[in-house]
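In our numbering, the protein residues as written are 30 to 342. Every residue gets a Cβ at the ideal spot worked out from N, C-alpha and C, and that includes glycine. Since this is a predicted model, take the numbers as computed values, not measurements. Everything below concerns the one structure shown next.
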DNA sequence: ACTAGCCCCTGGGAGC
DNA sequence: TGCTCCCAGGGGCTAG
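This is the structure in structure tokens:
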């Protein structure tokens, strides 16, 4: 599932090929076959029409990551004047892949990559949104489970995007310190540390895989209460968090599930998991010999070693 | 201003 | 082998 390293990898890939492109046209079937028709989402037909009117003819000027969100900044020119600057905000949720390549419309209802290769991976064939670009490539959103959200805001009114507005500091924010991390997590009081790490309004970018890995490596039981973890422990948590995220970025993200980068390729971080998805296996920590357990914390699966991960309560 | 819990979705794995 | 059932889980939303 796309978390910070995966979204980062996607964004870096997209930057290479779509910046400067004009969006010639867009297509979507999100609004045709989904029940989830909130007002402000392209899954709603009226909103999609509004969205289409804003993006067609616009130029992609830059792309950035905001937590797990992808921000595509666009502008339209008219007679040499910049009329509007808008930002498309995409969240890939569980199974979204934002990719770019040459695609063609097939069977009047699906899109498929033209060239053989990673883009033709079966996981990449659930295409529900297509931006046709001026270089004849397509920017597509494949999303098997259709959880992804796509919205548009005036760039200078991005603070009206509730989630973006309430996002905590990014886990890789250069200004973030161990002390600040402690203060933020400590505020979560009786919330299990596992849930606190997943809370995007506390720290942005961490999801289920990385929270499990961080807690395993720092020897903290996922049900430990946020406020009970001693301040001095946060130097280690901070360092481990950064190292794990950076290591995953280095390996192109985690494709244990179905993540694919902007070119349809898998990442390799799944080969570095110590604990996530290893229920019943022996704890890989040296001389530990514990058996990895899986529990559900606030509706999220949490993998940990009951032998060496300490419960602070 | 909080948090807990439901809901969105569908391929794939488990179980029989 | 083929069927059914249920799980994966981020975050929006609502009720308390």
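Subject >> Cβ neighbour criterion (16 or more within 10 Å) applied to residue 169 >> reply: Buried is the call here.
Original post:
How is residue 274 classed by DSSP in three states: helix, strand or coil?
Top reply: helix
Subject >> Which residues DSSP lists as bridging residue 139, in chain order >> reply: In the DSSP secondary-structure assignment, residue 139 is bridged to 135.
**OP:** Report, in whole angstroms, the separation of the C-beta atoms of residue 93 and residue 83, which I expect to be a contact under 8 Å.
**Re:** Between residue 83 and residue 93 the Cβ distance is about 19 Å, and since that is not below 8 Å, they are no contact.
**OP:** Leaving out five residues on either side along the sequence, give the residues of the same chain with a beta carbon under 8 Å from the beta carbon of residue 88.
**Re:** 49, 50, 51, 52, 103, 104, 105 and 106
Original post:
Whose CA, out of 292, 239, 251 and 81, lies closest to the CA of residue 145?
Top reply: The shortest Cα separation from residue 145 among 292, 239, 251 and 81 belongs to 292.
Original post:
Mind pulling the alpha helix (DSSP H) runs of 4 or more residues that sit fully within the stretch 192 to 218?
Top reply: 207 to 215
Original post:
Does the beta-carbon distance from residue 264 to residue 207 come in below 8 Å?
Top reply: Yes, these two residues count as a Cβ contact at 8 Å.
Original post:
According to DSSP, is residue 238 helix, strand or coil?
Top reply: helix
**OP:** Confirm, please, whether the CB-CB distance from residue 138 to residue 58 is below 8 Å.
**Re:** For residue 58 and residue 138, yes; Cβs fall inside 8 Å.
**OP:** Compute the beta-carbon to beta-carbon distance between residue 232 and residue 197, rounded to the nearest angstrom, for a pair I have assumed lies under 8 Å.
**Re:** Contact flag correct, Cβ pair sits at about 5 Å.
Original post:
Between residue 40 and residue 90, what straight-line distance do the alpha-carbon atoms span, to the nearest angstrom?
Top reply: 13 Å
Original post:
Helix, strand or coil for residue 181 per DSSP?
Top reply: strand
Subject >> Cut-off 6 Å between Cβ atoms - residues of its own chain near residue 37, not counting five sequence neighbours on either side >> reply: 94 and 278
**OP:** Apply the 10 Å Cβ neighbour rule to residue 129 and answer buried if 16 or more other Cβ atoms are within range, or exposed otherwise.
**Re:** buried
**OP:** Consult DSSP for residue 171 and reduce its assignment to one of helix, strand or coil.
**Re:** strand
Subject >> Cα-Cα separation between residue 266 and residue 238, rounded to whole angstroms >> reply: 15 Å
Original post:
With respect to the alpha helix (DSSP H) encompassing residue 54, which residues constitute its N-terminal and C-terminal limits?
Top reply: Residue 54: not part of any alpha helix (DSSP H); member of the beta strand (DSSP E) spanning 52 to 57, first to last residue.
**OP:** Count the CB pairs spanning the stretch 157 to 169 and the stretch 318 to 334 that are closer than 8 Å, and state whether there are at least three.
**Re:** no
**OP:** Please report the Cβ distance between residue 274 and residue 31, rounded to the nearest whole angstrom; I am assuming they are in contact, meaning their Cβ atoms lie under 8 Å.
**Re:** Not quite, the Cβ-Cβ distance comes to about 13 Å (not below 8 Å), so this is no contact.
**OP:** Check whether the Cβ atoms of residue 182 and residue 116 lie closer than 8 Å to each other.
**Re:** yes
Original post:
Whose CA, out of 262, 309, 329 and 284, lies closest to the CA of residue 297?
Top reply: 284
Subject >> Candidates 338, 153, 259 and 78: closest to residue 216 by CA position >> reply: 259
Original post:
Roughly how many angstroms lie between the CA atoms of residue 254 and residue 310, to the nearest whole one?
Top reply: If you draw a straight line from the Cα of residue 254 to the Cα of residue 310, it is about 26 Å long.
Original post:
Taking the alpha carbon of residue 174 as the point to measure from, which residue in 191, 152 and 186 has its own alpha carbon closest?
Top reply: Nearest of 191, 152 and 186 to residue 174, Cα basis: 152.
Subject >> Three or more C-beta pairs below 8 Å linking the stretch 186 to 193 and the stretch 212 to 228 >> reply: no
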